[in-house]
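What follows is a short report on a single structure.
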Amino acid sequence: MKKASAKTLVPLTHTTYYILLSLTEPMHGYGIMNKVDELSQGQVKLGPGTLYGALAKLEKQGVIKKLEQATDERRKHYELTSLGAEVVQLEYNRLVSLVKQSEGILSNTGHESNRGEQ
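Letter 58 of the sequence shown, counting from 1, is numbered 73 in the numbering used here, and no numbers are missing.
Have a look at this one:
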């Protein structure tokens, strides 16, 4: 399968974005689940089936790779590839742009003061 370009892989789902964001350093699956929970402040919860399905897809796309020589052979460790780092940066830039555009619109409607409240 031909590797995709970073531009063809964005936009990302929230889940995928947090998985990739959690892989700024090599990590095993359970660590990824915990890091995603931490980064998303509990808004994204991953079960093992969802996580490992996503990891398999991301590995097939060339966005992450499985480390061959993990310290604990029972756990598979993953890390971002250079393509994965590019994808995360593109998605971050897209989200920042989206927020800036939204702020401009909301400031004109007087609803900006509600920003961040849930």
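From the three backbone atoms N, C-alpha and C, an ideal C-beta is built for every residue, glycine too.
| Item | Value |
| --- | --- |
| Between ASN108 and the ligand ATP, is there a pair consisting of the residue's CB and a ligand heavy atom that are separated by less than 8 Å? | Looking at this structure, you won't find the ligand ATP or any other ligand, since it has none at all. |
| Determine the contact status of LEU54 and VAL102, defining contact as a CB-CB distance below 9 Å. | no |
| Quick one: measure Cβ to Cβ for LEU95 and LEU38, integer angstroms, because I've assumed they're closer than 8 Å. | 5 Å |
| So is THR96 in contact with chain D if we call contact Cβ pairs under 9 Å? | Although the question refers to chain D, the structure presented lacks it and comprises just one protein chain. |
| Would you identify the three-state DSSP class for GLU74, choosing helix, strand or coil? | helix |
| Assign LEU4 to buried or exposed, taking buried as 16 or more other Cβ atoms, counted over all protein chains shown, within 10 Å of its Cβ. | Absent from the structure is residue 4, since the part of the chain shown begins at 16 and ends at 133. |
| Please classify THR31 as buried or exposed, where buried requires at least 16 neighbouring CB atoms within 10 angstroms. | buried |
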